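In what follows, a structure is listed as structure tokens, so that the remarks can point back to it.
Protein chains: 2
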Amino acid sequence: MSGVYPLTPSVSASGQVSQTHDGNSSTRIAEFIRNAILSGEYRPGARIRQEDVAQRFGASRIPVREALRTLKADGLVTLVANAGAWVSRMTPAECSEVYETRERVEPLLLRYAMPGLDAVAIDHLDELAEQMRRTHDVEEFLRLDREFHLGSYTTARTTVLGDLVNRLWNTTQHYRRAFTLLLEEHSARVVHDEHHLLVTAIRDGDTDGAEAVLSGHIRRTRLALARHPEVFDQ
Amino acid sequence: MSGVYPLTPSVSASGQVSQTHDGNSSTRIAEFIRNAILSGEYRPGARIRQEDVAQRFGASRIPVREALRTLKADGLVTLVANAGAWVSRMTPAECSEVYETRERVEPLLLRYAMPGLDAVAIDHLDELAEQMRRTHDVEEFLRLDREFHLGSYTTARTTVLGDLVNRLWNTTQHYRRAFTLLLEEHSARVVHDEHHLLVTAIRDGDTDGAEAVLSGHIRRTRLALARHPEVFDQ
DNA sequence: TCCTGTCAGATTGAATTCAATGTGGCCAGT
DNA sequence: ACTGGCCACATTGAATTCAATCTGACAGGA
Numbered sequence: 011m012s013g014v015y016p017l018t019p020s021v022s023a024s025g026q027v028s029q030t031h032d033g034n035s036s037t038r039i040a041e042f043i044r045n046a047i048l049s050g051e052y053r054p055g056a057r058i059r060q061e062d063v064a065q066r067f068g069a070s071r072i073p074v075r076e077a078l079r080t081l082k083a084d085g086l087v088t089l090v091a092n093a094g095a096w097v098s099r100m101t102p103a104e105c106s107e108v109y110e111t112r113e114r115v116e117p118l119l120l121r122y123a124m125p126g127l128d129a130v131a132i133d134h135l136d137e138l139a140e141q142m143r144r145t146h147d148v149e150e151f152l153r154l155d156r157e158f159h160l161g162s163y164t165t166a167r168t169t170v171l172g173d174l175v176n177r178l179w180n181t182t183q184h185y186r187r188a189f190t191l192l193l194e195e196h197s198a199r200v201v202h203d204e205h206h207l208l209v210t211a212i213r214d215g216d217t218d219g220a221e222a223v224l225s226g227h228i229r230r231t232r233l234a235l236a237r238h239p240e241v242f243d244q
Numbered sequence: 011m012s013g014v015y016p017l018t019p020s021v022s023a024s025g026q027v028s029q030t031h032d033g034n035s036s037t038r039i040a041e042f043i044r045n046a047i048l049s050g051e052y053r054p055g056a057r058i059r060q061e062d063v064a065q066r067f068g069a070s071r072i073p074v075r076e077a078l079r080t081l082k083a084d085g086l087v088t089l090v091a092n093a094g095a096w097v098s099r100m101t102p103a104e105c106s107e108v109y110e111t112r113e114r115v116e117p118l119l120l121r122y123a124m125p126g127l128d129a130v131a132i133d134h135l136d137e138l139a140e141q142m143r144r145t146h147d148v149e150e151f152l153r154l155d156r157e158f159h160l161g162s163y164t165t166a167r168t169t170v171l172g173d174l175v176n177r178l179w180n181t182t183q184h185y186r187r188a189f190t191l192l193l194e195e196h197s198a199r200v201v202h203d204e205h206h207l208l209v210t211a212i213r214d215g216d217t218d219g220a221e222a223v224l225s226g227h228i229r230r231t232r233l234a235l236a237r238h239p240e241v242f243d244q
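Taken in sequence, the protein lines are chains A and B.
What the first sequence shows, in my numbering, is residues 11 to 244, in sequence order.
What the second sequence shows, in my numbering, is residues 11 to 244, in sequence order.
Right, dumping it as structure tokens:
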């Protein structure tokens with residue numbers, strides 16, 4: 011579960027998934043569905059039929075069901091006994107809850123990571139922030155934002171905290187996408203400034219300052235998201 | 011996943027698990043194994059054979075494997091492909107990490123819960139704190155401590171935060187037990203004082219104060235635990 | 001003595017097959 | 001026309017069965 015996931019599932023023209031033989035079938039299928047959800051191919055509320063997924067992999071339904079169990083625990087999928095599986099959807103309140111949790115937890119993770127961030131890594135973060143400022147493509151923005159933040163955590167040698175943050179990002183990915191679409195010019199400017207402030211604090215080795223900036227960054231996003239409940243309609 | 015789990019799996023003299031027909035088999039088996047781990051019946055590092063569990067339930071191995079997937083995501087079980095499942099064990103660093111996470115997250119959950127705690131609920135918490143002061147039985151202490159803290163969160167109408175805290179408690183349950191065994195008289199006294207301080211802050215509706223007490227309470231436990239690395243040997 | 005390769009037994013991974021449950025449409029009754 | 005019950009179909013839950021992989025022990029050679 012650690013690290014950043016690639017967001018493009020590799021599917022051939024026939025719809026058959028390429029068989030990368032790393033790990034067991036359940037794990038591969040779970041990763042595929044996870045990526046399909048994160049990339050927006052599977053939207054919140056969409057039904058996931060076991061048979062469909064099984065056929066795409068040329069596998070039986072058993073590894074699919076195990077994969078769905080994993081994804082349920084990750085919060086990405088909602089299971090109902092004898093009824094089916096759906097991509098989890100969130101209410102505005104739940105999303106806000108996740109953001110409040112992130113406000114508390116991510117600064118701690120950053121604290122763990124900061125000693126490991128050298129000049130090269132910090133320059134890379136700066137470059138990512140610059141690219142975000144320049145791009146106007148939503149998917150590109152999302153990818154860069156994810157790489158920027160989760161990238162700043164990669165040097166944290168944690169076991170549970172990194173996975174937790176990953177989960178929190180994953181469950182809110184769809185709403186982050188929808189929200190990015192209606193980022194006003196002014197709000198976007200603030201976001202970029204915060205990113206650069208964060209890089210500066212990291213470069214200065216100012217742990218408390220970095221924590222404060224990051225917490226405020228997430229908080230501001232939460233409040234902005236609260237002003238746009240239409241993101242949660244369908 | 012919400013709420014406090016009973017810690018005693020119901021097993022008949024024959025070793026056969028009583029069939030409570032609520033929900034599907036996978037879920038029941040997952041809950042059984044979870045409780046077996048939390049109660050100390052399954053110790054960290056202990057192997058869990060699918061066939062054994064399946065026989066106890068008179069079920070096949072398939073629901074057992076699905077249950078193990080769920081528990082893996084909960085952090086209670088470690089799975090290795092084609093090798094087996096073991097009850098997860100933690101290093102001192104990982105345990106400390108969980109406690110640091112709790113320091114940040116539980117005060118937030120308490121903030122969510124406090125508006126729902128009425129006089130009756132607060133009196134109950136006070137009573138639990140008193141019972142903890144009186145008891146000298148480790149299992150009783152553990153049960154009361156769990157009921158006190160998780161009980162103070164029950165009125166929080168959250169979806170992810172409550173489950174998260176539950177997971178954090180579960181993964182550290184075994185080490186909390188081992189640690190409780192060597193609580194010195196003085197430290198125990200501090201713990202009880204903190205519990206009463208917490209109840210007082212809750213009764214006063216002092217959210218910030220309650221957060222501070224709770225955070226310090228967890229922090230002190232983490233530091234005390236760090237002074238006893240022998241808890242993690244075997 | 002220690003290391004390495006091989007083999008039998010044990011254990012897990014997955015496919016096939018059958019049973020149980022939920023869903024949606026049709027019909028009768030009000 | 002609308003509501004409630006009944007039945008066929010679709011979908012999931014779980015058992016049985018077979019294949020793949022790992023573990024541990026033993027024999028042989030450096």
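Don't be surprised by glycine CBs; every beta carbon is placed ideally from N, CA and C.
Only a predicted model underlies this, so the values are computations on that prediction, with no experimental measurement involved.
For L48/A, no Cβ of chain B is located within less than 8 Å of the residue's own Cβ. Residue pairing for W179/B: DSSP places it in no beta bridge.
Residue state for L89/B is assigned as strand, using DSSP reduced to three classes.
Spanning the alpha carbons of T231/A and E116/A requires a straight line of approximately 14 Å. Comparing C-alpha distances from A77/A to each of N92/A, F42/A, G55/A shows the shortest one belongs to F42/A. Remark: three or more beta-carbon pairs, one from each stretch, lie closer than 8 Å, so the region 159-172 of chain A and the region 129-138 of chain A are flagged as touching.
Annotation for G219/B: the continuous alpha helix (DSSP H) segment containing it runs 217-236.
When rounded, the separation of the alpha-carbon atoms in A220/B and A91/A is 40 Å. For E104/A, the closest Cβ of chain B is nearer than 8 Å. In the three-state DSSP reduction, V63/A falls in the helix class (H, G or I). Neighbourhood of E107/B in chain A, by CB distance below 7 Å: T168, T169, V170, L171, in chain order.
The C-alpha of P102/B lies about 15 Å from the C-alpha of W179/B.
Among the residues of the region 228-242 of chain A, none has a Cβ less than 7 Å away from any Cβ of chain B. Looking only at R75/B, A129/B, V209/B, the smallest Cα-Cα distance to E61/B is reached by R75/B. Counting along the chain, no beta strand (DSSP E) covers G55/A, and no H or E run does either. For G126/B, the three-state secondary structure derived from DSSP is helix. Residue-level contact check: A222/B does not touch chain A, since none of the beta carbons of chain A fall below 8 Å from its beta carbon.
For the pair I228/A and R112/A, the CB atoms are nearer than the 8 Å cut-off. Around the beta carbon of G85/B, a 10 Å sphere encloses 16 or more other beta carbons of the protein chains shown; the residue is thus reported as buried. Judged by DSSP secondary structure, A95/A falls outside any alpha helix (DSSP H) and instead within the beta strand (DSSP E) spanning 94-97. Between G85/B and chain A, the shortest Cβ-Cβ separation is below 8 Å.
Contact between F189/B and V148/B is absent: CB atoms are separated by about 10 Å, not below the 8 Å threshold.
R114/B is not a Cβ neighbour of L207/A, given a cutoff of 8 Å.
Of the candidates L127/B, Y52/B, L120/B, the residue whose Cα lies closest to the Cα of W96/B is Y52/B.
In this structure, the straight-line span from the alpha carbon of L191/B to that of G55/A is close to 48 Å.
V148/A: member of the alpha helix (DSSP H) spanning 148-163, first to last residue. In the three-state reduction of the DSSP assignment, A131/B falls in the helix class. Look at E61/B: its C-beta is not under 8 Å from any C-beta on chain A. In terms of beta-carbon proximity, R114/B lines the interface with chain A, with at least one pair separated by less than 8 Å. Measuring C-alpha to C-alpha distances from N45/B to each of L174/B, L127/B, V87/B identifies V87/B as the nearest.
DSSP places V170/A in the coil class of the three-state scheme, outside both helix and strand. Using a Cβ-Cβ cut-off of 7 Å, R99/B is close to nothing in chain A; its nearest Cβ partner there is about 12 Å away.
Going by beta carbons, T165/A and L154/A fall outside the 8 Å limit. Closest by C-alpha distance to G172/B, out of H202/B, E204/B, L120/B, is L120/B. Nearest in C-alpha terms to V130/A, of all of V209/A, C105/A, Y109/A, R186/A, is V209/A. Residues of chain A with a Cβ closer than 8 Å to the Cβ of L118/B are, in chain order, E110, T111, R114.
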